[in-house]
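Chemist: Attaching a single structure in structure tokens format; questions to follow.
Number of protein chains: 2
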Amino acid sequence: MHSKVTLADVAAAAGVSKMTASRAMRGAKDVSPKTVERVREIAAELGYMGNHVAASLANNRTDLIGVVVPSLSNIVFSEVMSGIEDAIAGTGLQPFFGVTGYDPEREYLLVRQMLSWRPAGLIVTGLDQDSQTRELLQASTAPVVQIMDTDGTAADMCVGFSQREAGAGMADLLIAQGRKQFGYVGCALDRDTRAIKRRDGYLESLTKSGFIQVPQQTSTERSSVAAGKAMTAELLAAHPTLDAIYYSNDDLAIGGVFHCMEQSIPVPEQLILAGFNGLDLVASLPAPVATTRTSRRDIGTAAAKAILSRHAAEGSNDPLLKTVPIQHVIDARRTFTAK
Amino acid sequence: MHSKVTLADVAAAAGVSKMTASRAMRGAKDVSPKTVERVREIAAELGYMGNHVAASLANNRTDLIGVVVPSLSNIVFSEVMSGIEDAIAGTGLQPFFGVTGYDPEREYLLVRQMLSWRPAGLIVTGLDQDSQTRELLQASTAPVVQIMDTDGTAADMCVGFSQREAGAGMADLLIAQGRKQFGYVGCALDRDTRAIKRRDGYLESLTKSGFIQVPQQTSTERSSVAAGKAMTAELLAAHPTLDAIYYSNDDLAIGGVFHCMEQSIPVPEQLILAGFNGLDLVASLPAPVATTRTSRRDIGTAAAKAILSRHAAEGSNDPLLKTVPIQHVIDARRTFTAK
DNA sequence: GTGCGCAACGGTACCGGTAACGGAAATTTC
DNA sequence: GAAATTTCCGTTACCGGTACCGTTGCGCAC
Chain A
1 MHSKVTLADV
11 AAAAGVSKMT
21 ASRAMRGAKD
31 VSPKTVERVR
41 EIAAELGYMG
51 NHVAASLANN
61 RTDLIGVVVP
71 SLSNIVFSEV
81 MSGIEDAIAG
91 TGLQPFFGVT
101 GYDPEREYLL
111 VRQMLSWRPA
121 GLIVTGLDQD
131 SQTRELLQAS
141 TAPVVQIMDT
151 DGTAADMCVG
161 FSQREAGAGM
171 ADLLIAQGRK
181 QFGYVGCALD
191 RDTRAIKRRD
201 GYLESLTKSG
211 FIQVPQQTST
221 ERSSVAAGKA
231 MTAELLAAHP
241 TLDAIYYSND
251 DLAIGGVFHC
261 MEQSIPVPEQ
271 LILAGFNGLD
281 LVASLPAPVA
291 TTRTSRRDIG
301 TAAAKAILSR
311 HAAEGSNDPL
321 LKTVPIQHVI
331 DARRTFTAK
Chain B
1 MHSKVTLADV
11 AAAAGVSKMT
21 ASRAMRGAKD
31 VSPKTVERVR
41 EIAAELGYMG
51 NHVAASLANN
61 RTDLIGVVVP
71 SLSNIVFSEV
81 MSGIEDAIAG
91 TGLQPFFGVT
101 GYDPEREYLL
111 VRQMLSWRPA
121 GLIVTGLDQD
131 SQTRELLQAS
141 TAPVVQIMDT
151 DGTAADMCVG
161 FSQREAGAGM
171 ADLLIAQGRK
181 QFGYVGCALD
191 RDTRAIKRRD
201 GYLESLTKSG
211 FIQVPQQTST
221 ERSSVAAGKA
231 MTAELLAAHP
241 TLDAIYYSND
251 DLAIGGVFHC
261 MEQSIPVPEQ
271 LILAGFNGLD
281 LVASLPAPVA
291 TTRTSRRDIG
301 TAAAKAILSR
311 HAAEGSNDPL
321 LKTVPIQHVI
331 DARRTFTAK
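Protein chains in written order, with the working numbering: chain A, 1 to 339; chain B, 1 to 339.
Below, the structure is given as structure tokens:
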């Protein structure tokens, strides 16, 4: 039976003290090489396995890094997590995550639970937590990084880009293409505050240029290609003369493309479809889709690195606000940059 | 300053013992309602936040549940994690994950690190760990669930389906459609053991029916729509008469569809494309794609539930092998079942 | 031979909670 | 009104490590 073997057992079997055994296992100094070897050998024989819980309690810190995301079905957050993984690979840190489902209440409980693990750092999505959650984040001694959004004030550190500007930028790009009749399709706008910001930026920019009438098709269901397809059909049925549609993300826009292909609507001649995220998939579509490329992976990596460097420079409290670049493209299949 | 407030502080401020404070905070019995209220009030005032690390050490168990997946860029594993999340929502359990990148060495280290957290359970992908890792899994006192695959023997519990039969089933379906010239396109076959099993099942079934010549296009890069598109082009260039192609997953098959659309190859009249997973996306494609629907979410849920029930029934060690149904469809857009 | 420095190891006291048991006051029972 | 419960709370002893400081033994210089 493994599992019950404790460091004391190893120490006893090796004829040394717990302390020496501990040092030997960790590769700390003040132990002779042969003792290290003997202890490790015995540990292997006995099937000893360290106990992170005890170790963490003893030195008052864990190597856990908490990640709070709103959803996992959205590939974007998987990519953020990949970036985090990349950055902490080899550092011995371990990510643990929680999913809020865009629910502030659940987010609060999650953050609380995570902090009670005394994590080495916390990465949470967005800047729009409710006040309780915000307090927790600010009171936290562990470094906190809010990601994906820079429209607002961060509790500690922040890595992302302006969602509002992203929406505005796409509006400008579409206007520059000579489009006149704009529409909008969005999902989960009751919860997804970043999608709301993008829409607001989009509408604001259109208004500035004199485009007041912008029919919208919205839904509270979660984003999907199927939803995009259906909602595009509805929007076009009511407003057949639209020549540009902005979607709250690429998934919906892809659905729009599929609808147009089935209905033989020429894309982009008659109608430009614009999504958001710059998913790999859109670059392979048979028709051009406009999108905004965002580097989710880099955001994850930067966030994790911010936590790491905070640890390296103990005591420093530089707020850090990192804005990662985004790129609006009119045809995701080409690499040329518009605007 | 929060963060340094300990249970002892709360107890002192409330004029009770640590033990009573502990009970009050946890809602354990043997405390009068008014004491509970007072303690909680003071805890809130002081900004007390529990310490999971200490609690876990004291009662020798954590509420962490480890999840080991090969990749996050594959939406399939996100969905599995969603399923896990669903099942443990409200139980106070916390998932923490690690990504192997299909690397056995990394997998070993990950499992080791996870077990040293004394998790409430461990969910790992696949049955083909290397021998060291397998030993760890078998020696673990924490319940272990291996998921996604049933072709092999489980270390403890297992939830999934036969990858081999999945491949064979699709071969049979394509044969039943009257196809004669079969091809195969796959990625990451040097690492993804489940994809290998599917291919083997596919080829074996074809061989049984007398189809010996099956040209293959493979690559070690990771699966993507773009890769599927490119590899389809290459395969068809060399073998233009193929009338059915099986891909190692839906991503590649989607790429195949896009290639065919651009080249005006009639799908499915001239060429049937078959993927694997039954992603939502394929149901929205403008052309039919054959696929095998798998319930990733259910697998995650079932795995998490298996761990929960193991905890409920302390001591029981039912091995549990749960096979979840899969469904081969010739056109993902329809719900009718083939075969 | 004495004193000194350094390498290697051990003892003790925690880290912040919780299980188990015990005991006194309040309540019920007959 | 005494005995038997029940209710509520405290004491003690850990959980399995690690930090801190002290101790031992040995080689070396004088």
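Quick reminder that beta carbons are idealized off the backbone N, C-alpha and C, glycines included.
Note that the structure is a prediction, hence the values are computed from the model and not measured.
Tell me whether B:K339 is buried or exposed, calling it buried when 16 or more other Cβ atoms sit within 10 Å of its Cβ.
Modeler: Because the pLDDT at B:K339 is just 38, under 50, the model does not fix this residue reliably, and the point stays unresolved.
Chemist: Do B:G275 and B:L252 have their beta-carbon atoms positioned less than 9 Å apart in this structure?
Modeler: Yes, the pair counts as a contact, with Cβ atoms nearer than the cut-off.
Chemist: Can you give me the start and stop residues for the alpha helix (DSSP H) that B:L136 sits inside?
Modeler: Where B:L136 is concerned, the enclosing alpha helix (DSSP H) stretches over S131 to A139.
Chemist: Taking Cβ positions, are B:D318 and B:A290 nearer each other than 9 Å?
Modeler: For B:D318 and B:A290, no; Cβs fall outside 9 Å.
Chemist: Starting from B:P33, follow the alpha helix (DSSP H) in both directions and report where the run begins and ends.
Modeler: That run of the alpha helix (DSSP H) goes P33 to L46.
Chemist: What's the gap between the Cα of B:T220 and the Cα of B:S73?
Modeler: Near 15 Å, if we compare the C-alpha coordinates of B:S73 and B:T220.
Chemist: Hey, quick one: how far does the alpha helix (DSSP H) through A:L57 stretch, first residue to last?
Modeler: Start and end: H52 to N59.
Chemist: For the region 282-298 of chain A, which residues have a CB atom closer than 8 Å to at least one CB atom of chain B, in sequence order?
Modeler: Those would be A283, S284, L285 and P286, in chain order.
Chemist: Give the secondary structure of A:I147 by DSSP, where H, G and I count as helix, E and B as strand, and everything else as coil.
Modeler: Reduced to three states, the DSSP call for A:I147 is strand.
Chemist: Below 9 Å between beta carbons: does that hold for B:S82 and A:V99?
Modeler: Result yes, Cβ atoms of B:S82 and A:V99 sit closer than 9 Å.
Chemist: Assess contact between the region 255-266 of chain B and the region 292-305 of chain B, defined as three or more Cβ pairs (one per stretch) separated by less than 8 Å. Is contact present?
Modeler: Counting Cβ pairs under 8 Å, fewer than three are found: no touch.
Chemist: Tell me the rounded alpha-carbon separation between A:V53 and A:A12.
Modeler: Roughly 22 Å separates the two Cα atoms.
Chemist: Spatial neighbours of B:I196 within its chain, please: C-beta separation below 7 Å, excluding the five flanking residues on both sides.
Modeler: Taken in chain order, the residues that qualify are L189.
Chemist: In the structure shown, what three-state DSSP assignment does B:V214 receive?
Modeler: If DSSP states are grouped into helix, strand and coil, B:V214 belongs with coil.
Chemist: The beta strand (DSSP E) spanning B:A244 covers which residue range?
Modeler: Its beta strand (DSSP E) spans residues A244 to Y247.
Chemist: What are the boundary residues of the alpha helix (DSSP H) that includes A:T291?
Modeler: Where A:T291 is concerned, there is no enclosing alpha helix (DSSP H), although the beta strand (DSSP E) it sits in stretches over T291 to R293.
Chemist: Does the beta-carbon distance from B:A155 to B:S140 come in below 9 Å?
Modeler: In this structure, B:S140 lies closer than 9 Å to B:A155 by Cβ.
Chemist: For B:I75, would you say it is in contact with chain A, using Cβ-to-Cβ distances shorter than 9 Å as the test?
Modeler: Answer yes: the Cβ-Cβ gap between B:I75 and chain A drops below 9 Å somewhere.
Chemist: Along the beta strand (DSSP E) that carries B:L321, what are the first and last residues, could you check?
Modeler: Here the beta strand (DSSP E) through B:L321 covers L321 to T323.
Chemist: Tell me the DSSP secondary structure of A:H239 in three-state form.
Modeler: It is coil, neither helix nor strand.
Chemist: Counting contacts by CB-CB distance shorter than 9 Å, is A:Q94 in contact with chain B?
Modeler: Yes, A:Q94 counts as interfacial toward chain B.
Chemist: Compare the C-beta of B:L271 against all C-beta atoms of chain A and say whether one is closer than 9 Å.
Modeler: So no, B:L271 is outside the interface.
Chemist: Roughly how many angstroms lie between the CA atoms of A:T33 and A:T6, to the nearest whole one?
Modeler: The residue asked about is misnamed: residue 33 of chain A is Pro in this sequence, not Thr. Near 22 Å, if we compare the C-alpha coordinates of A:T6 and A:P33.
Chemist: Can you grab the Cα-Cα spacing for the pair A:P286 / A:D86, in whole Å?
Modeler: Each residue's Cα considered, the two are about 32 Å apart.
Chemist: Looking only at its chain, what residues have a beta carbon closer than 8 Å to the beta carbon of A:I147, apart from the 5 residues adjacent to it on each side?
Modeler: Excluding positions up to five away in sequence, the list reads V80, I123, V124, T125, G126, C158, V159, G160, I299, G300 and A303.
Chemist: If the cut is a Cβ gap below 8 Å, which residues of chain A does B:H52 touch?
Modeler: Result: Q113, S116, W117 and R118.
Chemist: Mind pulling the alpha helix (DSSP H) runs of 4 or more residues that sit fully within the region 164-207 of chain A?
Modeler: Counting whole runs of 4 or more residues, the region 164-207 of chain A contains no alpha helix (DSSP H) stretch at all.
Chemist: Please list, in chain order, all residues of the same chain as B:V214 whose beta carbon is under 7 Å from its beta carbon, the five residues on each side excluded.
Modeler: So the list reads F182, G183, Y184, L203 and L206, once near-sequence residues are dropped.
Chemist: Below 7 Å on C-beta distance, what does A:A226 contact in chain B?
Modeler: In chain order: D280, A283 and S284.
Chemist: Kindly give me the distance between the Cβ atoms of A:C187 and A:S223, rounded to whole angstroms, as I take these residues to be in contact under 8 Å.
Modeler: At roughly 4 Å, the Cβ-Cβ gap stays under 8 Å, so A:C187 and A:S223 are in contact.
Chemist: For my contact list, B:Y102 and B:D250 are in at a C-beta cut-off of 8 Å; report their separation, rounded to the angstrom.
Modeler: With a Cβ gap of about 18 Å, B:Y102 and B:D250 do not count as contacting.
Chemist: Contact criterion: CB-CB distance below 9 Å. Does B:F211 meet it with respect to chain A?
Modeler: Cβ-Cβ to chain A under 9 Å: no for B:F211.
Chemist: For B:L46, I'd like the list of residues in its chain whose CB is within less than 7 Å of its CB, leaving aside the five on either flank, ordered along the chain.
Modeler: Contacts found: V5, D9, V10 and A13.
Chemist: Spatial neighbours of A:N51 within its chain, please: CB distance less than 7 Å, with the 5 preceding and 5 following residues excluded, ordered by chain position.
Modeler: Nothing listed; no residue qualifies.
Chemist: Tell me which residues share the same chain as B:K18 and place their Cβ nearer than 7 Å to its Cβ, disregarding the 5 neighbours each side in the sequence.
Modeler: Only L7, A8 and A11 meet the Cβ criterion.
Chemist: Distance, Cα to Cα, B:L57 vs B:L110?
Modeler: In a straight line, the C-alpha of B:L57 is about 21 Å away from that of B:L110.
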